[in-house]
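Numbering (the UniProt record's numbering), first residue to last: 1 to 271.
Cβ atoms here follow ideal geometry from the backbone N, Cα and C, with glycine treated the same way.
Since the structure is predicted, the reported quantities are computational estimates derived from the model, not experimental observations.
First comes the structure, then the notes that go with it.
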């Protein structure tokens, strides 16, 4: 999916509603499990014209590959093991889709909004790929791409943080509030948030305006799968003598000669 910059007038006038999302996923202190899986699926509905937060959706999601949450994950997200004894991701997507329909939003002109690219471009896309889940097409175009800490950006914008950091619903709500204040300043295209200089922080922290990622169709002859790391898999050929000699396969995209594969993804390439 390739990014494309659009004028701010397009960004805010093109859509009637924003659906602000912030997933939480399985994690650990030293090394994240592979594959990571979404465990909290929250959504905040925002009227793009008024900036009003209209409704919220939240469901916890049952991980399949690493069913038991690490102590680090439970402490970071506040999500407990019993809470993820819930629905699989495929059902969570259907529940969210029905929620949008019940709210009368599904067939309107709306866009998904995330704080960074991780939620849609990495986490949701990779998990849907390796679980072979069909995701709704509105996830193929979204606003995102800010590369700074959400909580710090909220404070720098003069807002008080609400809720618990790394609670997906609270993160989505704070993102929605921040986006709303940004909407009111849409006619100030050169506005940036730059904190006071500090020896312990970068010299400046630019808060870029929302970047739009339109739907991108892959017209290449061969579809490149994503490994459990969330990156494009690498294509290799079997060189060892035997029945599969000369066959092509896809493996971990983070493979290196020094450490080997970072995840256990494997799939034969189509003949």
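Nearest by alpha-carbon distance to residue 67: which of 51, 59, 84 and 78 is it? Checking every option, the nearest Cα to that of residue 67 belongs to 84.
Nearest-angstrom Cβ-Cβ length linking residue 92 and residue 59, presumed shorter than 8 Å: 5 Å between Cβ atoms; contact.
Look at the alpha carbon of residue 198 and the alpha carbon of residue 235, and state the distance between them as a whole number of angstroms. For residue 198, the predicted model reports a pLDDT of 40, less than 50, meaning its position is unreliable; a value from the coordinates is still stated below. The alpha-carbon of residue 198 is positioned some 45 Å away from that of residue 235.
Hey, which unbroken runs of the beta strand (DSSP E) at 3 residues or more fall wholly within the segment 123-171? As for any beta strand (DSSP E) of minimum length 3 sitting wholly inside the segment 123-171, the runs are 142-144, ordered along the chain.
Looking only at its own chain, which residues have a Cβ that is under 6 Å from the Cβ of residue 41, when we skip the five neighbours before and after it? Its chain contains 59, 61 and 92 as the residues whose beta carbon lies nearer than 6 Å to that of residue 41, once the 5 sequence neighbours on both sides are disregarded; these appear in chain order.
Please classify residue 102: is it buried, with 16 or more other beta-carbons within 10 angstroms of its beta-carbon, or exposed? Exposed: under 16 other Cβ atoms inside 10 Å.
Quick check: the segment 27-41 against the segment 65-79, are at least 3 beta-carbon pairs closer than 8 Å? Yes, since at least three Cβ pairs between the segment 65-79 and the segment 27-41 fall closer than 8 Å, the two stretches touch.
Residues sharing a beta bridge with residue 42, DSSP: The bridge partners DSSP lists for residue 42 are 58.
By Cβ distance, which residues of its chain are closer than 8 Å to residue 133, with the 5 residues on each side in sequence left out? Around residue 133: 89, 90, 93 and 127.
Helix or strand or just coil, what does DSSP make of residue 111? Under the three-state reduction of DSSP output, residue 111 falls in the strand class.
Residue from 37, 259 and 97 with nearest C-alpha to residue 70: For residue 70, the nearest C-alpha among the options comes from 37.
Let me know if residue 21 comes out buried or exposed under the rule of 16 or more other beta-carbons within 10 Å of its beta-carbon. When all chains shown are included, residue 21 counts as buried.
Rank 257, 115 and 15 by C-alpha distance to the C-alpha of residue 50 and give the top, closest one. Nearest of 257, 115 and 15 to residue 50, Cα basis: 15.
Here's a check: name, in chain order, each residue in its chain whose Cβ is nearer than 8 Å to the Cβ of residue 72, leaving out the five neighbours to either side. The residues 27, 28 and 29, in chain order, have a CB closer than 8 Å to that of residue 72 in the same chain once the five nearest residues on each side in sequence are set aside.
Taking Cβ positions, are residue 119 and residue 144 nearer each other than 9 Å? Less than 9 Å separates the beta-carbon of residue 119 from that of residue 144.
What is the DSSP secondary structure of residue 99, reduced to helix, strand or coil? In this structure, residue 99 counts as helix in the three-state DSSP scheme.
Which same chain residues, not among the five before or five after residue 201, have their C-beta less than 6 Å away from its C-beta? For residue 201, the predicted model reports a pLDDT of 39, less than 50, meaning its position is unreliable; a value from the coordinates is still stated below. So the list is empty, once near-sequence residues are dropped.
Should residue 259 go down as buried or exposed, given a rule of 16 or more other Cβ atoms within 10 Å for buried? Residue burial annotation: residue 259 is exposed, with fewer than 16 other C-beta atoms found within 10 angstroms of its C-beta.
Which partner residues does residue 17 have in the DSSP bridge list? 47 and 110.
For residue 257, name the three-state secondary structure that DSSP assigns. Note: residue 257 maps to coil in three-state DSSP.
Please report the distance separating the alpha-carbon of residue 238 from that of residue 261. As the crow flies, the alpha-carbon of residue 238 is around 16 Å from that of residue 261.
Whose C-beta lies closer than 6 Å to the C-beta of residue 243 among residues of the same chain, with five residues either side of it excluded? The answer is none, since no qualifying residue turns up.
Assign residue 99 to buried or exposed, taking buried as 16 or more other Cβ atoms, counted over all protein chains shown, within 10 Å of its Cβ. Residue 99 should be labelled buried.
Give the secondary structure of residue 267 by DSSP, where H, G and I count as helix, E and B as strand, and everything else as coil. In the three-state reduction of the DSSP assignment, residue 267 falls in the strand class.
Can you tell me the Cα-Cα spacing of residue 46 and residue 105, whole angstroms? The straight-line gap from Cα to Cα measures roughly 11 Å.
Anyone know if the C-beta pair for residue 175 and residue 115 falls short of 9 Å? In this structure, residue 175 places its C-beta atom within 9 Å of the C-beta atom of residue 115.
Decide if residue 190 is buried, meaning its Cβ has at least 16 other Cβ atoms within 10 Å, or exposed. Residue confidence for residue 190 is low, a pLDDT of 44 falling below 50, so the modelled location carries little weight and cannot support an answer.
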